[in-house]
Amino acid sequence: MSSAANQLTSKEEWITAEDGHEIFTKTWFPVGKPVASIVFVHGLGEHIVRYDHLFEEFNKAGFQVSAFDQRGFGQTGKRSGALGCSGGYANAIPDITAALKRGEIEGIPLFLMGHIYGGSLVLNYDCIGPLRNKLTGVVVSSPLVLASPPTRPYGITLWFAGMVSSVFPSLQIAINLSSKFISRDVKEVAKYDADPLVHGYGTTLGLYDMLTNGEALLKTRYKEIATDVPLLICHGTEDGLTDPKASKEFFDKIEVKDKEYKSYQDHYHELHNEPEEHRKIAIDYYIEWFRKHLPTTA
268 MSSAANQLTS KEEWITAEDG HEIFTKTWFP VGKPVASIVF VHGLGEHIVR YDHLFEEFNK
328 AGFQVSAFDQ RGFGQTGKRS GALGCSGGYA NAIPDITAAL KRGEIEGIPL FLMGHIYGGS
388 LVLNYDCIGP LRNKLTGVVV SSPLVLASPP TRPYGITLWF AGMVSSVFPS LQIAINLSSK
448 FISRDVKEVA KYDADPLVHG YGTTLGLYDM LTNGEALLKT RYKEIATDVP LLICHGTEDG
508 LTDPKASKEF FDKIEVKDKE YKSYQDHYHE LHNEPEEHRK IAIDYYIEWF RKHLPTTA
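Here the working numbering = 1-based position in the sequence shown + 267.
The structure is reproduced here in structure tokens:
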């Protein structure tokens with residue numbers, strides 16, 4: 268744990284889930300008492316340390332952030348040796364609940380945030396998660412409601428994936444997604460490609476769950492969303508990995524009292540990793556939204 272007076276600090280820790288699985292976690296602390304706690308859920312194939320720069324900006328604004336490397340990914344996947352093996356939603360939803368309990372601070376507002384697959388998980392949690400009504404607000408960026416049309420599996424492909432996953436749920440498969448779509452900043456793309464904790468593997472069950480639960484948000488699950496929990500959905504118009512039109516369709520369907528859809532013209536997939544002047548706009552808006560949704564007593 269790094270520490271110094273008037274400096275931002277962070278703490279890395281391994282925790283053991285109820286089923287015995289070891290999970291890597293990290294918490295980023297502001298200077299002084301936090302104004303709120305944010306629990307973050309990362310995307311497919313990546314890990315939480317990629318977000319150090321984003322969470323440090325949140326810290327500077329007074330927010331504490333906690334996150335965990337999902338099963339099969341980052342340090343968690345490296346330790347287990349089962350890259351991409353997440354166990355699907357049966358593990359993901361309870362893991363988010365556990366993360367919220369760890370991130371909860373008495374008397375302090377609690378937000379939930381997610382990106383890409385993590386964004387899809389967070390939207391699903393906002394619909395079916397056991398602690399959803401305890402949240403002060405929810406923020407998602409580039410959520411995987413549907414994959415972008417060029418990368419989206421259709422009809423028989425998805426049906427076949429479901430059949431295979433029912434017989435071989437832990438079968439590892441490669442996910443061939445092009446890193447060029449993550450950002451217009453070539454330096455960020457190069458960092459992503461060189462990151463030893465980024466990988467392109469999943470399992471039949473994990474990928475089938477990911478795709479079908481994204482679709483479920485549009486079909487019927489949107490009706491179950493926590494209508495009293497404020498929601499912000501952010502998406503770049505030129506996202507080549509997830510479909511902004513699907514995000515907007517979900518947004519239009521939900522009956523949340525305080526909801527906002529923020530579209531970023533010409534932006535790629537990782538809004539927080541776009542070229543410097545553009546990422547600052549996105550990050551500043553996250554902070555502005557969080558601040559706007561702090562209770563007046565916070």
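Even glycine gets a Cβ: it sits at the ideal position worked out from N, Cα and C.
Check                                                                                                             : Outcome
Reference threonine 509, options Leu438, Leu561, Val407, Ile548, closest by Cα                                    : Val407
Cα-Cα separation, glutamine 337 to isoleucine 305                                                                 : 17 Å
Contact check, glycine 370 vs serine 333, beta carbons under 8 Å                                                  : yes
Reduced DSSP secondary structure (H/G/I, E/B, other) of valine 316                                                : helix
Contact check, leucine 498 vs aspartate 393, beta carbons under 8 Å                                               : yes
Residue environment, phenylalanine 340, which counts as buried when at least 16 other CB atoms sit within 10 Å    : buried
Collapsed DSSP secondary structure at methionine 268 in the structure displayed                                   : Any answer about methionine 268 is weak, because its pLDDT of 45 lies below 50 and its placement is not dependable; what the coordinates show is given next. Coil.
7 Å Cβ shell around isoleucine 492 - same chain, five flanking residues per side excluded                         : Asp393, Cys394, Ile521, Val523
Inter-residue spacing [alpha-carbon to alpha-carbon] between valine 308 and histidine 560                         : 20 Å
Straight-line Cα distance separating threonine 494 from glycine 404                                               : 11 Å
Outcome for serine 433 when other beta-carbon atoms lying within 10 angstroms are tallied against a minimum of 16 : exposed
Cysteine 352 - DSSP class collapsed to helix/strand/coil                                                          : coil
With 16 other Cβ atoms within 10 Å as the buried cut-off, status of aspartate 519                                 : exposed
Glutamine 337: first and last residue of the uninterrupted alpha helix (DSSP H) it sits in                        : Per DSSP, glutamine 337 belongs to no alpha helix (DSSP H) and is neither H nor E.
Between the CA atoms of asparagine 326 and proline 297 - distance to the nearest angstrom                         : 4 Å
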